[in-house]
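Numbering (my numbering), first residue to last: 12 to 943. Backbone N, C-alpha and C define an ideal beta-carbon position, used for all residues, glycine too.
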Amino acid sequence: MSWSGDRDEGALRVAVVVRLLGEVSSEVDGQPVDLGTPKQRCVLAALAVDAGRVVPMDRLVERVSGADAAHRSRATVQSYISRLRQALAGAGGVSIVRRSGGYALIADTAEPVTDLHRFRDLCAQAGGDDVQAVRVWTEALALWRGQPLTGVEGEWAEAERDRLSQERLAAEHDLADAVLRLGRGGQLVNELSARSARQPLDERVTGQYMLALHQAGRTVDALDLYRRVRARLVEELGTEPGAALQDLHQRLLTADSVPGGGSQGPRAVVPRQLLMAPAPFVGRQDELAALDAALDTSAVAAIVGSGGIGKSWLALHWAHRHAHRFPDGQLHVDLRGFSADGDVLSPASAVRGFLDALGVEPGRIPVEPHAQAALFRSLVADKRMLLVLDNAADTAHVTPLLPGGGSCAVLVTSRNRLPGLVTGHGARQVVLDVLGDTESRDLLGARLGTAQAEAERAAVRDLVELCGGYPLALSIIAGRAHTGPGSSLPALAAELRESLLDVLDEGDPAASLPAVLSLSYNALTAGQRTVFGLLAIAQGPGTGLPAAASLTGLSQAATRTVLRGLEQASLISQDALGRYGMHDLIRRYADDAAHRDLAAPERESALRRVIGFYLHTAHAADRLVYPHRVDIPLDPPARGCSPQPLPDSSAAMVWFDAEHLCLLAAQHIAAALGWRQAVWQLAWSLSTFHQLRGHHHDQVRTWQAALVASEHLPDPAATVLGHRQLGLVHAELGLREQALDHLLRALALAEQHHDVTAQAHTHTALARAYEQQGDDRSALEHSVRSLELCRVLGNPVWEAGALNGVGWYAVRLGEHDRAREHCQAALALYRAHDDPAGEAGVLDSLGYIAHLAGDHAQAVDHYRQSLALQRELIYDYAIAEALAGLGAPHAALGQFDEARAAWQEALEIYRQQGRTEEAQRIQERLDSLDRC
């Protein structure tokens, strides 16, 4: 490819040209390409402005269809891309390719394929000799054929059109300076007259116009222009012209070294204040793309996140990567919103620093801060500049530094979420989280060197896990490996396990995670610090608002306010379900702070309230799920503890699912503190949920803790129940010896204490254990004994359960009539006493009986009724059993598709629950279907 430098032709002689600096169009070997509809042209323009780089699909859709584009817009854009590919099919070396979540316009040559990128390349070459510079800038500007992106509409197109116009204006300014330095100002008079009318307070334009008038022999007009501009500056901004313009005016007045050929008018200062680009920089591709999208649609973007999460690194990397987009300069300031010495930089001081950077003479700077801010906004108006406002304390810290127009871009970083900046100034927020495992390994590898990272791969994996993706922690560890004599990565990992925060405290506030986090902690109110510490000691992966209210002893409204403050400080985060959590390293810091700053009685009271919340809510939820279960008494909740009301069994199961890990953590805390009654009662309250969801290993752990606690409780029924529950769950896990050992102990204790209820339920459990061993005869005997005891107790629901047990084991022994009789009696009792869970179970038994009797249609009906009830109750464990049973009569009826669907779903549930033997059995049935 070759580009023409002939300004008279104004043409680009290349194999393929995509024109953006005027009407959006394309040519292949000089022949126009039909680009289709305006929207399709917009797709090409959206790719071409970033030619050679991937444009993420979401951003491409937003550029074409707007920020509120419907999901179907993706398909429409993909259709446009397909048509554009066809249109460019004859263009060798240029193509639209799919890459990592987006599309890119790619050329197989180093030459730019768009007039925009050719324009930028030429502008970059215009340095040194003015004659050469004039030629190059003239050639660059000749590429423009009107308003950029003509024929393309939409918010993105308008914003991009404005940005590109600013780039053109900057080149025109630079060309005018070069022409004036060559003494050829006469040829610029008309052009600069129009430009001065459009930008009457731009002193660079004014100086150029004055010099051009002088070089054209119109010095009187130049002096008159100065007087008029000065009057407007004084009237509208309260300031005199700058020193450069005043100096030019004085020289024109006195004819002293009157600037002519070779003399230079006032040149604008172009600040380049960005700090050195961070190295190494890894990952963050999604966040970089989010910043691209944010500053495509808004003048302000805010990177927010906790201290040490990498906000400044991301901002600087993005700023250096896009510096070419801001030809009028880049301003950078550390606002010190969270500094170790508390010396926050005021907005007024930042504005004054910006005025100095922009070359404003001290004598010209107004005294009043508001006037200085007004002057700053005037100076950057219509300029293409980037402002990086690092480490802001809050929105008020930033607002006085915002330019008045939309030509500049502002990038803010803060630990504060800056909601006022979002709502009041339309800022786009990019929330920074921890690095993923791959990015974390890449960061350590880049800092340590590939050889060491590969040689100690296991230690790197441990360090990544221990640091939890926290960038500052990873950087500190890499620094320790470099600077610590003889520090090996395995040794560092061992140190981290032993004393995590101590290892990450380097003494230097800039390289110490505890020091960085302390700046955020110290900025909190006393109430926020208390809640921050309590959230840490409560453990669990996340805390819902009702639980947090009990933990703090506050109302939900007051708790929400405090939590919102902690979230705004980027110390906690709220997930899509409204639960609040914190990074493990922040939790460690918060836990240390709680033990340092909160008295032991305050911590203990909070833990009693939150454990009481989980216990009382779980107990009530269990009663909704299994209302016919033998109840246990609870002490009243502590003052300030407000259990969460639940309307029905479905809501109860949803609550159990959401709070399961927190319930396990609550039992762990209670055990550690020696609160034995709560340990046992939490195991009881979780038992039904664990059984229905198939959480057998959690059932083992909770009841092992409960059994240990029960041995110190006065009521032997607690120990009986502990052994019985452990026996049941061991039976489900196929651990037959352990199951029988626990169940026979439970039965002996129940008989010793004449507890008929416990005896009845233990016989039922023993029946299940013997079934697991293949001893159906013993299982039937225990079921019969359970039935006898339940009838003595006079509880019809328990009697129905025992009847179902007798029926189940009878059919397994071939006694079909006895089985059917007992199960039908059980079904009548369950329905009479409105027990849908029991009804679902006995329908499953009746389905099995009908299938073995050869009545497969009746079996399908029973299984379907059972399955419908189980799905309504959301009982995953029983759903899998019903599905496994349903497949068999379907297969017997030749309904292979229905059988396959039922068994496939059962297989997925078994695998989710870790039920390997059941999964293998179902897989064998599916394999047999495939052979049919």
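ask   = Three-state secondary structure (DSSP) at P67?
value = Numbered from 1 along the sequence shown, position 56 holds the residue referred to as residue 67. P67 falls in the strand class under three-state DSSP.
Exposure label - E670; buried when at least 16 CB within 10 Å = Counting from one through the sequence shown, the residue named residue 670 turns up at place 659. That one is buried.
key: Rounded C-alpha distance that separates S207 from Q585   = The residue you call residue 207 lines up with position 196 of the sequence shown. The residue you call residue 585 lines up with position 574 of the sequence shown. Between S207 and Q585, the C-alpha separation is close to 53 Å.
key: Close beta carbons around A868, own chain, < 8 Å, minus the five adjacent residues each side   = In the sequence shown, residue 868 corresponds to position 857, counting from 1. Contacts found: P900, L904.
task = Would you check if the stretch 306-321 and the stretch 357-375 touch, i.e. whether three or more CB-CB distances between them fall below 8 Å?
result = no
query = Distance, Cα to Cα, V740 vs G456?
reply = If you number the sequence shown from 1, residue 740 lands on position 729. If you number the sequence shown from 1, residue 456 lands on position 445. Approximately 46 Å between the Cα atoms of the pair.
query = Going by alpha carbons, who is nearest to V105 out of G113, A118, W329, E214?
reply = As a working mapping, residue 105 is identified with position 94 in the sequence shown. When only C-alpha atoms are compared, the closest one is A118.
request  = Please report the Cβ distance between I890 and L878, rounded to the nearest whole angstrom; I am assuming they are in contact, meaning their Cβ atoms lie under 8 Å.
outcome  = Translated into positions along the sequence shown, residue 890 becomes position 879. Translated into positions along the sequence shown, residue 878 becomes position 867. Their Cβ separation, rounded to whole angstroms, is 7 Å, which keeps I890 and L878 in contact under 8 Å.
inquiry  = Taking the beta carbon of D401 as the centre, do at least 16 other beta carbons fall within 10 Å, making it buried, or is it exposed?
reply    = Taking the sequence shown and counting its residues from 1, the one referred to as residue 401 is at position 390. Answer is buried; the Cβ neighbour count reaches 16.
task = Go through its chain and collect everything with a Cβ distance to P43's Cβ below 7 Å, but skip five positions before and after it.
result = Stepping through the sequence shown from its first residue, residue 43 is reached at position 32. Cβ neighbours of P43 beyond the five flanking positions: S36.
Cβ neighbours of D453 in the same chain (closer than 8 Å, five flanking residues each side left out) = Within the sequence shown, the letter at position 442 stands for residue 453. Once the five neighbours on either side are set aside, the close Cβ partners of D453 are V293, G294.
Within 8 Å, strictly: CB atoms of V39 and Y114 = Translated into positions along the sequence shown, residue 39 becomes position 28. Translated into positions along the sequence shown, residue 114 becomes position 103. Not in contact: V39 and Y114 (Cβ atoms no closer than 8 Å).
Same chain only: Cβ atoms within 6 Å of V28, ignoring 5 sequence neighbours per side = For the purposes of this step, residue 28 is identified with residue 17 of the sequence shown, where counting begins at 1. Excluding sequence neighbours, V28 sits near E38.
Which of helix, strand or coil DSSP assigns to Q923 = To locate residue 923, count along the sequence shown from 1; it is residue 912. Here Q923 sits in helix by DSSP.
Cα-Cα separation, R174 to S418 = Locating residue 174 in the sequence shown gives position 163, where the first residue counts as 1. Locating residue 418 in the sequence shown gives position 407, where the first residue counts as 1. Cα to Cα, R174 sits roughly 7 Å from S418.
message = Bridge partners for V105 per DSSP, in chain order?
response = Position 94 of the sequence shown holds residue 105. DSSP lists A118 as partners of V105.
Proximity below 8 Å, CB of C473 to CB of A492 = Working through the sequence shown from its first residue, we reach residue 473 at position 462. Working through the sequence shown from its first residue, we reach residue 492 at position 481. For clarity, residue 473 is Asp in the given sequence; the question names Cys instead. Their beta carbons are not under 8 Å apart, which means D473 does not touch A492 by this criterion.
ask   = I think A717 touches V690, with their Cβ atoms under 8 Å apart; what is that distance to the nearest whole Å?
value = Walking along the sequence shown from the start, residue 717 turns up at place 706. Walking along the sequence shown from the start, residue 690 turns up at place 679. Yes, they are in contact, since the Cβ atoms of A717 and V690 sit about 6 Å apart, within 8 Å.
ask   = CB-CB under 7 Å to W155, same chain, minus the five flanking residues each way: which ones, in chain order?
value = If you number the sequence shown from 1, residue 155 lands on position 144. These residues qualify, in order along the chain: L32, G33, R179.
ask   = Among the residues of its own chain, which have a CB less than 7 Å from the CB of P373, if the five just before and after it don't count?
value = Here residue 373 corresponds to residue number 362 of the sequence shown, with the count starting at 1. Closer than 7 Å at the Cβ level, and outside the excluded window around P373, lies no residue.
inquiry  = Helix, strand or coil, according to DSSP, for I597 in the structure here?
reply    = Position 586 of the sequence shown, counting from 1, holds the residue named residue 597. DSSP places I597 in helix when its eight states are reduced to three.
ask   = Is D586 helix, strand or coil by DSSP?
value = Locating residue 586 in the sequence shown gives position 575, counting from the first residue. Note: D586 maps to coil in three-state DSSP.
task = Select from F700, L672, R598 the residue whose C-alpha is nearest the C-alpha of A631.
result = In the sequence shown, residue 631 corresponds to position 620, counting from 1. The residue with the shortest Cα to Cα distance from A631 is F700.
ask   = Secondary structure at S581, three-state DSSP: helix, strand or coil?
value = Position 570 of the sequence shown, counted from the first residue, corresponds to residue 581. It is coil, neither helix nor strand.
request  = Check I643 in the structure and name its three-state DSSP category.
outcome  = Here residue 643 refers to the residue found at position 632 when the sequence shown is read from its first residue. In this structure, I643 counts as coil in the three-state DSSP scheme.
key: Assigned exposure category for T217 - 16 Cβ within 10 Å defines buried   = Indexing the sequence shown from 1 puts residue 217 at position 206. Burial call: buried.
key: Close beta carbons around Y874, own chain, < 8 Å, minus the five adjacent residues each side   = Counted from its first residue, the sequence shown places residue 874 at position 863. The residues are L854, D855, G858, A893, G896, L897, P900.
ask   = Is it true that the CB of S486 sits closer than 8 Å to the CB of R458?
value = Residue numbering aside, residue 458 sits at position 447 when the sequence shown is read from its first letter. Residue numbering aside, residue 486 sits at position 475 when the sequence shown is read from its first letter. Cβ atoms of R458 and S486: closer than 8 Å.
task = Please list the segments of the alpha helix (DSSP H) lying wholly inside the stretch 409-478, counting only runs of 4 or more residues, in order along the chain.
result = 430-436, 448-459, 461-466, 468-478
task = State buried or exposed for E73, treating a residue as buried only when at least 16 other CB atoms are found within 10 Å of its CB.
result = Taking the first residue of the sequence shown as position 1, residue 73 is located at position 62. Flag for E73 reads buried.
ask   = Are the Cβ atoms of R735 and A790 separated by less than 8 Å?
value = What you label residue 735 is simply residue 724 of the sequence shown in a count that begins at 1. What you label residue 790 is simply residue 779 of the sequence shown in a count that begins at 1. The answer is no: Cβ separation not under 8 Å.
query = Alpha carbon to alpha carbon, what distance is there between S523 and Y600?
reply = Along the sequence shown, read from residue 1 onward, the residue named residue 600 stands at position 589. Along the sequence shown, read from residue 1 onward, the residue named residue 523 stands at position 512. Spanning the two alpha carbons is a distance of roughly 12 Å.
ask   = DSSP puts E34 in a beta bridge; with which residues?
value = If you number the sequence shown from 1, residue 34 lands on position 23. Partner(s): T161.
ask   = Enumerated in chain order, which unbroken segments of the beta strand (DSSP E) with a length of 3 residues or greater are wholly contained in the stretch 179-238?
value = none
ask   = Using a Cβ-Cβ cut-off of 7 Å (strictly less than) and excluding sequence neighbours within five positions of G551, which residues of its own chain qualify?
value = Start at 1 with the first residue of the sequence shown, and residue 551 comes out as number 540. Around G551: L672, C673, A676.
query = By Cβ distance, which residues of its chain are closer than 6 Å to A769, with the 5 residues on each side in sequence left out?
reply = The sequence position of residue 769 within the sequence shown is 758, counting from 1. Answer for A769: V731, A761, listed in chain order.
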